[in-house]
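To get this note's numbering, take the position in the sequence shown, counting from 1, and add 30.
Where is the CB? At the ideal position from N, CA and C, for every residue including glycine.
Source: prediction; values computed, not measured.
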Amino acid sequence: MTPVEHVVDGSTLRTGRAALAAFAEALSFPDYFGGNLDALYDCLTDLSWLPAVEHHVHWTHAEVLRRNDPDAFAGISEVLADAVAANPLLTVRVTA
31 MTPVEHVVDG STLRTGRAAL AAFAEALSFP DYFGGNLDAL YDCLTDLSWL
81 PAVEHHVHWT HAEVLRRNDP DAFAGISEVL ADAVAANPLL TVRVTA
């Protein structure tokens, strides 16, 4: 099956909270998504509400968050790397 592409447009994401909400929207996270880093990891390593195919996440303009909220950028980046390591159906690309 064809992989599903999910784009997180980071051009206006200046806070960690906004970035988490954008990931939730891009991947249609369930209502139980808690809006924190642990919940981001849990959802990215599950994805059971989506088709059982590869999922490619592309976070564009990530430099906006890195510049405005470097701690949130670092935390989200770490979670993304951990989730990719744990979920063989997930790939993530981060671009400035």
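Among the bridge pairs identified by DSSP, Leu120 is matched with His85.
In the three-state scheme derived from DSSP, where H, G and I count as helix and E and B as strand, Asp39 is classed as strand.
According to the DSSP assignment, Asn66 belongs to no alpha helix (DSSP H), since it is labelled neither H nor E. A distance below 8 Å separates the beta carbons of Val38 and Ala56. Taking C-beta separations shorter than 8 Å and ignoring five residues to either side along the sequence, the partners of Asp101 in its chain run Gly46, following chain order. In the DSSP assignment, Phe59 falls outside any alpha helix (DSSP H), carrying neither H nor E. Cβ neighbours of Leu67 within its own chain (closer than 6 Å, five residues either side excluded): Gly105 and Val109.
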